[in-house]
Structure formats: C-alpha cells, structure tokens
Amino acid sequence: MSGLARMVGQRLALGAFTLLIVSMVIFAAIEALPGDFAEAILGQGATPEAVAAIRESLGMDRSAVERYFAWLGGVFSGDFGVSFSQLSFQSQYGQTGERDIVTVADQLAPRFANTIFLAATAAAVAVPLSLALGILAALYRGSIFDRAANVGTLTSISSPEFFVAYILILFLAAANPIFPSISKIHADLDFWERLYRTVLPALTLTLVVTAHMMRMTRVAIINLMASQYIEMARLKGVPRWRVIVRHALPNALAPIINVIALNLAYLVTGVVVVEVVFVYPGIGQMFVDAVKLRDMPTVQACCLVFAAAYILLNLLADVLSVLTNPRLRHPK
Amino acid sequence: MRTGRPLVTIRDLKIEGLAGEDWLPIVNGIDLDLARGEVLGLIGESGAGKSTVGLAAMGFTRDGCRIAGGSIEFDDIDLVAASEETRRSLLGRRIAYVAQSAAASFNPAHRLIDQHTEGPVLHGVSSQQESQEDAMALYARLRLPEPESIGFRYPHQVSGGQLQRAMTAMAMSCRPDLIIFDEPTTALDVTTQIEVLAAIRDIVEQFGTAAIYITHDLAVVAQMADRIKVLLKGDEVEENDTRSMLSDPQEDYTKSLWAVRSFRRPEQPPAGGGAQPVIAVSGVTAGYGAAADVLHEVSFDIHAGRTVAVVGESGSGKSTVARCITGLLPPRSGEVRFNGEALPASYRNRSKDQLRQVQMIYQMADTALNPKLRIRDIIGRPVQFYRGLRGAALRRRVEELLEQIEMEPDRYIDRLPSELSGGQKQRVGIARALAADAQFIICDEVTSALDQLVAEGILKLLDRLQNELDLAYMFITHDLATVRAIADEVVVMKDGHVVEAGPKTEMFTPPHHDYTDLLLSSVPEMDPDWLDRLLEQRGVDNIGEAARVRLD
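For the record, the sequence lines run as chains L and R. Heads up: the first sequence begins at 7 in this note's numbering, then just goes up one per residue. Heads up: the second sequence begins at 34 in this note's numbering, then just goes up one per residue.
Right under this line is the structure:
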C-alpha cells in the first residue's frame, strides 16, 4: 500500500502544478479580453478620469506580469485577494478602511457550499440511477428496455442543458406548478425546503450526466461477458442477473469509477449554465458575473476551485480503481 | 463401473455458427453415447468441433452458435427442448465443466473458495459451511498444498497447475454425474501436467463420475479415456475403445494423427573441437529492470548446420536468452559472439550486417505478421532493407523465398495474412527470417500454437532449409517430442541456470541430471499404461511440483 501513498503524493504535487498553469492561463485569458474592470463597472459613465482613478486604485497601471505575481504571492500566503467590486466602491466613495472588506474566499465559501449541495443532490440521484440502468441494459441487452434506455439517455445528453432546463420549467413549474422555477436559496432554509428548491436544477443535471455513466456501465459489463470466467459462471448454473452483478460488475468497476468521477467533476464545474437559468446562488453564477466584470481575483478563485475539483475527483477515481483490483489489494 | 442405461445420448447433433450474416455448419450430425462412470476422449485438431460438442453435452451453446438439429438427452432429460431454467438447474449440479485455462476461468475478483461454494449453495446442495469443509477435503485429495488455507487466496496468488486442480475440485463441488474436461492440461508445463492428470484421474475414479475428456494430445487422452472418438471438421472419423484405437486405427486420418510423431531428423555429429561456433553465448547474466537476475552465467555454443534445442518450463529463462542474443535485452555481464566476434550488447549498437545475421521466428504467427500488409511487403521489406533490392529484382527474390517455403508465389504473393491458414502464416514468418540471408535463426516455440500435422510440416520445412542453407537454429521449446524430432544438441534450463547440455542422444539416455530426468519422465507416451506405470515407479510424491521442489 506504500505504492498507493506514493501515487497519491505524486498526483497531489502534479495537481498543484496543474493549478499553477491553470491560473496563468486564466490570467492571460482575462488580459486578452477587450475592456477591463474599470470600463465594465462604470458603463455609460466611463469618463477617462474615472477609469484612470479606478485603474490606479486597483493597481492596474502596473504590468500584467507584476500583477500576476502580486496575486500569486498572496495566494501562497493563503490570501486569494479581494474582489475588485468590493475595492472599487471604497475608492469611488472615498471611504476609509473602516468598512469590513469581504475577501474572495469569504464570498466564495457560501456559494461553494450551495454548488456542492446541488452537485451532491444530482449525484445522489444520477449515480445509482445510471448504474442500475446500465446493469439492467446489460442484462437485457438488445431488448426494448435496452434500446429505450439508450435512446432516452442519449436524447437528454444531446439537448443543450439550458434547453432541458427550460423544458423542465415549462412542464414542472409553469404548466404544473409543482416546483419553483427560481431556486432562491439562502442560509436560513431548512434542509427539506432547500432540497425542494433544488429539485429542478438537480434534475436537469441528472438528465445531462446519466447517459454517459449508464452507457459506460453497460459497455464495461458487456465487454466482460465474453470472458472465460463469465462462461464458467454460466456453466455453474449461476442465474443471469447474478452473473452480471457478482461476476461481471466487480471486474468492470475501474472504468465505471473513472466515468463517474469525470461526471461528478462535471457536476461541479458544468453547473454554470444551469445555475444561471435557475438563478441558483452557486459558484457558477458568481463566476459568470465576475467574468462580465473582468473581476480577476474572483475569476481566478472560481477557476481554481473548478480545476481542483477535477484533479481531486480524478485522483479519487484512480485510488478507488486501484483498490478494486485484487492483484493490487492482495499482492502475491 | 458401467451400468446399462446411458447417461448421455446424442443423436445426429448439428450445430451452426454465425459467420457474418450466414449460419455455417460447425458440427454435422454427430452421435455420442456415454455410460455412467465412463470416460470418453474426444480428440481432433483445432476446428474439429470438440469443444462445441462437449458444451452441447451440457445443453450449452456459445453466443453465436445454435443447435440446428438432433437430440441431446442427459439422464432422460431432453436438453434441446428443456427450458432455460431446467438446463440451469443441471449445470454445475449434475454436469460440470473444467476449462482449458484455469487462470482465465476463475473470476479474478473473488477468492477460490467463494467461487467453489457458489454452485452448491445456489443449487441448494449444501450450506456454505458444509461446502467449505468439502472444498478443503477435495483440495487435500487433489494434493494441493495447505488445503485448509489455499482456498482463501485469490486466483492470481496461486500457480497455474494448482488453479487447474482447484477448478477440478470446483467441478466436483456438487458431485456431478458428468464432467466435461476441455483441454484441462494444454496450458500447463509437462511436469505440472502429469500431476493434474493424476489428480483428475484419481478423483474421477473415486466418485465414479462420467467424463468427456477433450484434447488434441493423443498421449494424454490415452491415459485418461476408456473410449476415444476422433473428430475432423465437425464429422466423426471413428470411435473405439482406447487400446484398439491406439493399436489398430481404421481410418487414414486417424493413422496420420498417430504417425505424426514419427518424424526424426538424422542427428548431425557434433562439430569438431576446433570449429568456430556461429553463436557463442558465454557467461550471460541478465534481468529485467531493477529486478533480480533471471539468467545466471548461461553459456552454450551453436555451430553451423546444427540445431540446439533450449528446453525448460515456463519461467526457466529460455526466451530471455533469445532476447539477450538478439540484443533486445542487454545482458548485465557476459557476452554473445557471432563467428568469434563479440556482438554489441544492445541491438541499437549493432551494424546492419550484425542485425541481419540474427533473425527470429515467433510462436504466434498471427501477431507477428502485420495484418495490414500483403505477403509481398512482409517478405519484401527485409529483402529491401538488408540487400537493397528493388523493382523486378525484389519481386524475383520474394518469389524465390515463397518457393523455398513451398507456397506458390502467384497464388499467395498478394494475399493478406488473414487470408492464410495458421501453418501458412508460420511459413511466411520463416520466409521473412530467410529474407535477411541470416546464418542463425532463433525459433521461439514456432510449432506450439499449431496442430500436430501442420507442426510436422513446419519442422520438415525447417529441416530442409537447414540442409540447403547450412543454417544454425536455436530452437526454444517446452515440447520434448519436438526436441526428439529435430535437435542435435540440447540445453536444459531451470530457473535461469543451464542444468545440463550436450548431444541429444546423450540427453535421452540415462543417467540424466535429476531435473532432466523429471522432465523426460513427465512427457506422456502413447501407451495407456504409461501413467499407471510411472506412478507405480516413482510414487505420487515424486512427480510434478512436489518433485521439482525437492530438487531445489
């Protein structure tokens, strides 16, 4: 198992390096966008003097490289900086440091919790559902059920998320007002109310991720059905469902786990559109607003969260895949 | 042991397999009778339909196969008409199966004993606890080491021969009336095979189980079966009791099978003391990566026009020696000399001419030929590379090579490997080695994937080429019958050491080195009493793994 620990260590180091590259790419991308925060926030009232004043107060008169390293230095000491929108009002209204400054980290934390709640709700439905559908589709391969499950999930993955979202709103909120079309989530809601308001976005995400996981489960199992140990199990008189669940599934876990991890990462990072549609106060919406304003510290922080989610979930998938392999769990 | 009523009655069985869109016949009307407690040997070459018939006796067809006609009755139950449920209740409980590769047929995700008890518990034959205890008793009976605990290991933690015995134990778990053994020892080394054979025979006799024993190895079936049925391309050739079949085969095809082992290349006298060997391996020690040495101080010479057979069991280092000679694996110490000149350790540092002199023919012609290239390119490429021929000269040379391997150039030159039979592919592999005009060719198990008749043809071809071109061969094999047929000298390897080396006649006449003795005595002979005699002479503790361990 020391090999596993070494693998985790290496991957974490590599992940940190990846995050660094990601931050550079994001910074460069924001620099490349036309306009900057000062112009964006001032809109119609962007007089050259006001723009220059804001730029100066944000330190944007320095070179891009300088600003990047200043930000990076902050990150290494645990400071993700302060959102530009917080700072700008200070300089505009000439206030002193008396007012509480809310850091990016403080802003992000509740949003992140909301996003994780949404992702977890979707995952709690999507993962068991797609595993069950995949197993059943493999069991009844070529049957009407198999085809219906394939067509159904493929249809839902082929439509853009916002389209699925609006269809759901049409049927479940507008035509039959069962669920709210806008997910107003705040800290005082109890769990069930919160869950109730999360149903539609969660359902949208479920429909989007199920196809991939279900099809991988089905294919991973079917690929194994030609193995000799499966034939052996059938020749022992083992019923078909048991052949699949007990003999095929444990050996098919590694590819399935990897696809599940990819999709869970998508649930965290891919929520942007869905959160916007349902006005769900998660990290995705915050991200969209920050990009509109060219609010560099916030964009960076959001991107790093997304990238870290990808890296950690994939690492988790690899660790689990290793653990499902009896050769590695029980060496000779 | 036999009682009146037959256990299995198969009449006019026809089975078809799906090839693309069409159903093609695999088995064309076979009759089969098996009495209780009787062992029937089913033999034939690949494609004869042995396994298909064996599985059909269980009422089972593989995906893409169907029973097109005829009847299969097991203990008066019509298996063709029976419901899925009825058939399933028989499988494992009254009819069991032992597959060729135990390593592939045990589920890697579960412990042996859990797979053993699955059948009995599922069929309601015994409880988990009873079945576990029974498993341990069977393991002990089959002479597995540590019978109390071996079941709690995963398949990858157990050796191939042990797995095969554990699978036999699993087949016995419900005390079935019939067991289908589908080439159960084909994938094993000879010394392991004999132990598994002894174990299978012992347990089949002990419980009076009827068996269908499928194999292509005549000497093996002679030990195991009461009766033998010979199949060819889905048709029955003949059937008779084992002794009559061996002593007096009726059909030409059967006679030709029996005669296969008769080919003998006249042994060449050893090269004179002063002669320069083509290849001299001296003191080679080698290993992979950072792991321990696999070869220890291996030395032997190969002279022009001679064949040196390197024999040993899997893991003995035979193929590693070949990798050192070809330069694929640079040795840690020692050297390889070609005509007296040291070859650079790595193939990367060898000149084109040095590379040309050492060629290789592989075991699996299927994977050794590029499936996308035509024969003219497969053979033409080394001709072009080493001799720089092109255009008409290249084509002439390729045609010449095809003639040398007895394949008509006009017919075959534009074919793809997929349009050739297994034996023809192997011939193309030989032509490719010849194309370099090498003096020395390494043949790595070149006949072990082939049927005996085809293998015989390849051996004769290699022999003819050797005489014509004065080639030196290094023949890697685990099959001592092949060694008898073609070797001049033999090198016996065990655990990376050369344990014995010398002319073939010396090797096959006593006194032997202990390990050579074990190897030689483990090769089944076409005599139905061979196994009995051997067990009597050596005792059951002096065969197989047990004996090998004792040698260390």
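Backbone N, C-alpha and C fix where the C-beta goes; we use that ideal spot for every residue, glycine too. None of these values were measured; they are calculated from a predicted model.
Given a cut-off of 7 Å on the beta-carbon distance, is the pair R/Val254 and R/Ser555 in contact?
no
Contiguous beta strand (DSSP E) assignments of at least 3 residues, all confined to the region 377 to 465 of chain R
391 to 394
Quick one: does L/Gly140 have its CB under 7 Å from some CB of chain R?
no
Can you name the residues of chain R whose CB is closer than 8 Å to the CB of L/Val294?
Those within 8 Å of L/Val294 in chain R number zero; the least Cβ separation is about 45 Å.
Which of the three DSSP states is assigned to R/Tyr172 in this structure?
helix
Please compile the residues from chain L whose C-beta is within a distance smaller than 7 Å of the C-beta of R/Arg198.
In chain order: nothing, as chain L lies at least about 15 Å away.
Quick one: does R/Met34 have its CB under 7 Å from some CB of chain L?
Because the pLDDT of R/Met34 is 44, which lies under 50, any placement of that residue in the model is unreliable, and the question is left without a value.
Can you tell me which residues form a DSSP beta bridge with R/Ala610?
What the structure shows of chain R is the stretch from 34 to 585, and residue 610 of chain R is not part of that stretch, so it cannot be assessed.
Whose CA, out of L/Leu160, L/Gly288, L/Val225 and L/Asp152, lies closest to the CA of L/Ser345?
Coverage of chain L is limited to positions 7 through 338, which leaves residue 345 of chain L absent and any answer about it impossible.
Proximal chain L residues relative to R/Met91, where beta-carbon distance stays under 9 Å:
Leu241
Since L/Val325 contacts L/Leu10 with CB under 8 Å, what's their CB separation in whole angstroms?
7 Å
Is the distance from the Cβ of R/Leu65 to the Cβ of R/Ile43 below 7 Å?
yes
Endpoints, beta strand (DSSP E) assigned at R/Pro58:
Asp55 to Ala68
Among residues of its own chain, excluding the 5 on either side of L/Tyr272, which ones have a beta-carbon nearer than 7 Å to its beta-carbon?
Val215
Have a look at R/Pro302 and R/Gly193 and give me their C-alpha separation to the nearest angstrom.
39 Å
Sequence-distant residues of its chain with Cβ nearer than 8 Å to R/Ala101 (five each side left out)
Lys47, Ile48, Glu49, Trp56 and Pro58
How many Å lie between R/Gly373 and R/Arg423 at the Cα?
33 Å
Counting only C-beta atoms, is R/Ala142 closer than 7 Å to chain L at any point?
yes
Please work out which residues of its chain come closer than 7 Å, Cβ to Cβ, to R/Asp512, disregarding the five sequence neighbours upstream and downstream, and give them in chain order.
Ser481
Collapsed DSSP secondary structure at L/Lys298 in the structure displayed
helix
Pairs of beta-carbons, one from the region 235 to 242 of chain L and one from the region 120 to 136 of chain R, closer than 8 Å: are there three or more?
yes
Using a Cβ-Cβ cutoff of 8 Å, what residues of the region 153 to 178 of chain L are near chain R? List them in chain order.
none
For a test of the three-state rule: what should DSSP assign to L/Leu174, helix, strand or coil?
helix
Continuous alpha helix (DSSP H) stretch holding L/Gln142: start and end:
At residue 142 of chain L the sequence reads Leu, which differs from the Gln that was named. Where L/Leu142 is concerned, the enclosing alpha helix (DSSP H) stretches over Val110 to Leu145.
Does any C-beta atom of chain R lie closer than 7 Å to the C-beta of L/Tyr3?
This structure cannot speak to residue 3 of chain L, because chain L is shown only from 7 to 338.
Could you name the residues of chain R that L/Asn257 contacts, counting a contact when the two beta carbons are closer than 8 Å?
Asn140, Pro141 and Ala142
Taking 7 Å as the threshold (C-beta atoms), are R/Ile438 and R/Arg460 in contact?
yes
Are there 16 or more other CB atoms within 10 angstroms of the CB of R/Asp281, so buried, or fewer, so exposed?
exposed
List, in order along the chain, the chain R residues whose C-beta lies closer than 7 Å to that of L/Pro261?
Per Cβ cutoff of 7 Å: no residues; L/Pro261 is ~14 Å from chain R at best.
Beta-carbon proximity check, R/Phe333 vs R/Val524, cutoff 7 Å:
yes
Return the CA-CA distance between R/Thr201 and R/Pro153, expressed in angstroms with no decimal places.
14 Å
Out of L/Glu55, L/Ile60 and L/Ser187, state which residue places its alpha-carbon closest to the alpha-carbon of L/Ile47.
L/Ile60
Beta carbon proximity, L/Pro40 to chain R, threshold 7 Å
no
On a Cα-Cα basis, can you pick out the residue from R/Ala325, R/Gln190 and R/Ala520 that is closest to R/Gly350?
R/Ala325
Between R/Arg208 and R/Ala243, what straight-line distance do the alpha-carbon atoms span, to the nearest angstrom?
11 Å
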